[in-house]
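Here the protein sequences come in this chain order: Y and X.
For the first sequence, the residue numbers in numbering that gives the first Met the number 0 are 0 to 203.
For the second sequence, the residue numbers in numbering that gives the first Met the number 0 are 0 to 203.
Cβ atoms here follow ideal geometry from the backbone N, Cα and C, with glycine treated the same way.
The block underneath contains the structure these notes are about, expressed in structure tokens.
Protein chains: 2
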Amino acid sequence: MADQRAPAGTKRDRATAQRRGRILDAAVMCFLENGYHQTGVRDIAKRAGVSLGNLYNHFAGKHDILAEIATLERTELAPVLALLARTDPAPAVLDGFVTAYATYLAKPENVILTIEITSEAIRKPDIGDLFVANRAELVDALAAVLTRGIADRHFRAMPDPRDTAHLIIELIEGTAYRSVLSGLAMGKLLSGLKDFIMAAVREG
Amino acid sequence: MADQRAPAGTKRDRATAQRRGRILDAAVMCFLENGYHQTGVRDIAKRAGVSLGNLYNHFAGKHDILAEIATLERTELAPVLALLARTDPAPAVLDGFVTAYATYLAKPENVILTIEITSEAIRKPDIGDLFVANRAELVDALAAVLTRGIADRHFRAMPDPRDTAHLIIELIEGTAYRSVLSGLAMGKLLSGLKDFIMAAVREG
DNA sequence: ATATAATGAACGATCGTTCGTTCAAGAAGA
DNA sequence: TCTTCTTGAACGAACGATCGTTCATTATAT
């Protein structure tokens, strides 16, 4: 047991990790095309090129696959979160964030997947918790930017910056939903969205 | 045939209409508790106190039941729409609308049902169309109020009142979702919501 | 040789829907 | 008014398909 390092180093382990990834990718595609509940475990296995039984060697079940996808969504938002950490003037940071998040959500996949996860989150507490945690991270970072903007007199004094952060995020996501459901390009809606947000937070 | 009025007056027809209503009510309850796809047609029939086969005498199938519920949602919003038709000063009308719509959505049933319908609307065009139509009605009425407020110098000149109307509605709904998902009372979130909306539209 | 990844047949449950049948309410004929 | 005929609402067994999951077996890397 002396030289037991590199736990994921063997050829086998690498292949296993790759299989897991393929299954997750396939699941995402299936959930996007047909929705979570309309997707069968066989659909995922077939699409991933994996046997039905083997899928259960990698995941405890269908529910676990969705839970893992939900946690993975968090890492996809890392670049957007990074934008909020910049030290440029708060209004510029806010503007950049709105653009970046809206652009991320301009991909219908991301919106549909989020809706799928949200609607499952209502009745599955573990997924609901993931959702809330992901959201809190985004809200905290945005609220910090708002607070800084208030201190610098770029933004108006608002009752609760965290509350405002929630509202701004809801605006972006709501616009993205609308874009997907109505077929309008996100680009067409972005300027109106920004105008509204800036008006809501500006010093006045 | 002289005195043959009341074409839907027979005892039979009234009983039939009542049965339909019971089925719809049962379906709503089931969809709320377990979600659309997790609800079986047998669950609905059992809850309505109706035989499985008979349910198909009243509805073409499970999908049709959801479609009818979606259209029924429209009529439930009639009181809220009526508020928007009032001729009080625009800011007061807007305030009343936000309160009313938020109060309507403060009932978790309404939010959950809306989410359930929305997520089905993505892949079922007929339900998607219903959703868009319902939304358009609300947006048009709200946009008219905004336009009036702009003319009266109560609201700032905004690029597109319809766009703004969309955003305001998305704010209210987003806040309602948050209220349901996080367990916070809608009352706690309402003042922050109003503050944000008023700041976004006020003359400045 | 040993451990484990991979396989797909099989399981019981449940899915949405269809079907033949029963029976009571309304229309027509006496 | 009483009787017959017609209509369609109500029923639940049955259908074929599919669901998520398990497991004994085979293949393969260590």
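Between the Cα of residue i and those of the options, spot the shortest distance and give me the residue it belongs to.
{"i": "Leu180 of chain Y", "options": "X:Leu80, X:Gly52, X:Ser118", "result": "X:Ser118"}
{"i": "Leu23 of chain X", "options": "X:Lys61, X:Glu136, X:Ala184, X:Ala99", "result": "X:Lys61"}
{"i": "Leu83 of chain Y", "options": "Y:Leu145, Y:Lys193, Y:Ala150", "result": "Y:Leu145"}
{"i": "Tyr100 of chain X", "options": "X:Glu115, X:Ala69, X:Leu141, X:Phe130", "result": "X:Leu141"}
{"i": "Pro107 of chain Y", "options": "Y:Phe96, Y:Glu172, Y:His57, Y:Ala132", "result": "Y:Glu172"}
{"i": "Lys193 of chain X", "options": "X:Val92, X:Pro158, X:Lys45", "result": "X:Val92"}
{"i": "Leu129 of chain X", "options": "X:Asp63, X:Lys45, X:Cys29", "result": "X:Asp63"}
{"i": "Glu32 of chain Y", "options": "Y:Thr15, Y:Ala59, Y:Val110", "result": "Y:Val110"}
{"i": "Ala206 of chain X", "options": "X:Glu115, X:Met197, X:Phe96, X:Phe195", "result": "Nothing about residue 206 of chain X can be reported from this structure: the residues present for chain X run from 0 to 203 only."}
{"i": "Leu76 of chain Y", "options": "Y:Leu137, Y:Leu188, Y:Arg18, Y:Cys29", "result": "Y:Leu137"}
{"i": "Thr86 of chain Y", "options": "Y:Asn53, Y:Ala132, Y:Arg147, Y:Ser50", "result": "Y:Arg147"}
Applying the criterion that 16 or more other CB atoms from any shown protein chain within 10 Å of the CB defines a buried residue, is residue i buried or exposed?
{"i": "Thr74 of chain X", "result": "exposed"}
{"i": "Phe9 of chain Y", "result": "According to the sequence displayed, residue 9 of chain Y carries Thr and not Phe. Thr9 of chain Y is exposed by the Cβ-count criterion."}
{"i": "Arg122 of chain Y", "result": "exposed"}
{"i": "Arg13 of chain X", "result": "exposed"}
{"i": "Asp162 of chain X", "result": "buried"}
{"i": "Ala5 of chain X", "result": "Residue placement at Ala5 of chain X is flagged as unreliable, the pLDDT there being 32, under the threshold of 50; a coordinate-derived value is accordingly withheld."}
{"i": "Ser178 of chain X", "result": "buried"}
{"i": "Ala81 of chain Y", "result": "exposed"}
{"i": "Gly34 of chain Y", "result": "buried"}
{"i": "Ser190 of chain X", "result": "exposed"}
{"i": "Ala199 of chain Y", "result": "buried"}
{"i": "Pro160 of chain Y", "result": "buried"}
{"i": "Thr113 of chain X", "result": "buried"}
{"i": "Leu166 of chain X", "result": "buried"}
{"i": "Thr70 of chain X", "result": "exposed"}
{"i": "Ala1 of chain X", "result": "Low confidence applies here, because Ala1 of chain X scores a pLDDT of 31, under 50, leaving its location unreliable and the question unanswered by this model."}
{"i": "Ala59 of chain Y", "result": "exposed"}
{"i": "Ala120 of chain Y", "result": "buried"}
{"i": "Leu51 of chain Y", "result": "exposed"}
{"i": "Asn53 of chain Y", "result": "exposed"}
Whole angstroms is fine: what's the gap from residue i's alpha carbon to residue j's?
{"i": "Asn56 of chain X", "j": "Pro78 of chain X", "result": "32 Å"}
{"i": "Leu183 of chain Y", "j": "Gly127 of chain Y", "result": "29 Å"}
{"i": "Ile149 of chain X", "j": "Arg155 of chain X", "result": "6 Å"}
{"i": "Ala135 of chain Y", "j": "Lys45 of chain Y", "result": "36 Å"}
{"i": "Glu202 of chain Y", "j": "Pro88 of chain Y", "result": "14 Å"}
{"i": "Val40 of chain Y", "j": "Gly20 of chain Y", "result": "16 Å"}
{"i": "Met157 of chain X", "j": "Ala164 of chain X", "result": "11 Å"}
{"i": "Tyr103 of chain X", "j": "Met185 of chain X", "result": "10 Å"}
{"i": "Ala16 of chain X", "j": "Ala47 of chain Y", "result": "49 Å"}
{"i": "Val230 of chain X", "j": "Ile68 of chain X", "result": "No answer is possible for residue 230 of chain X: the residues shown for chain X start at 0 and end at 203."}
{"i": "Ile43 of chain Y", "j": "Gln37 of chain Y", "result": "11 Å"}
{"i": "Leu188 of chain Y", "j": "Arg18 of chain X", "result": "45 Å"}
{"i": "Phe30 of chain Y", "j": "Asn133 of chain Y", "result": "20 Å"}
{"i": "Met197 of chain X", "j": "Thr98 of chain Y", "result": "23 Å"}
{"i": "Arg96 of chain X", "j": "Ile168 of chain X", "result": "Per the sequence shown, residue 96 of chain X should be read as Phe rather than Arg. Their backbone Cα atoms lie some 10 Å apart in a straight line."}
{"i": "Val131 of chain X", "j": "Tyr176 of chain Y", "result": "12 Å"}
{"i": "Ala105 of chain X", "j": "Thr174 of chain Y", "result": "21 Å"}
{"i": "Asp151 of chain X", "j": "Asp94 of chain X", "result": "16 Å"}
{"i": "Ala25 of chain Y", "j": "Val49 of chain Y", "result": "10 Å"}
{"i": "Asp139 of chain Y", "j": "Pro124 of chain Y", "result": "22 Å"}
{"i": "Pro90 of chain X", "j": "His153 of chain X", "result": "7 Å"}
{"i": "Phe195 of chain X", "j": "Glu72 of chain Y", "result": "29 Å"}
{"i": "Leu170 of chain Y", "j": "Arg11 of chain X", "result": "50 Å"}
{"i": "Ala143 of chain Y", "j": "Ala143 of chain X", "result": "36 Å"}
Mind checking the region 185-200 of chain X against chain Y and listing, in chain order, the residues whose C-beta falls within less than 8 Å of any C-beta there?
Leu188, Ser190, Gly191, Leu192, Asp194, Phe195, Ile196, Ala198, Ala199, Val200
Using a Cβ-Cβ cut-off of less than 8 Å, list which residues of the region 126-137 of chain Y approach chain X; keep chain order.
Gly127, Phe130, Val131
Residues within the region 137-153 of chain X neighbouring chain Y, beta-carbon criterion of under 9 Å:
none
Members of the region 107-124 of chain X that neighbour chain Y once the beta carbon cut-off is set at 8 Å:
Ile111, Ile114, Glu115, Thr117, Ser118, Ala120, Ile121, Arg122
Interface residues of the region 32-43 of chain Y facing chain X [CB-CB below 9 Å]
Glu32, Asn33, Gly34, Tyr35, His36, Gln37
Using a Cβ cut-off of 9 Å, which residues of the region 164-180 of chain X contact any Cβ in chain Y, in chain order?
His165, Leu166, Ile167, Ile168, Glu169, Leu170, Glu172, Gly173, Thr174, Tyr176, Arg177, Val179, Leu180
Going along the chain, which residues of the region 52-65 of chain Y sit with their C-beta nearer than 7 Å to a C-beta in chain X?
none
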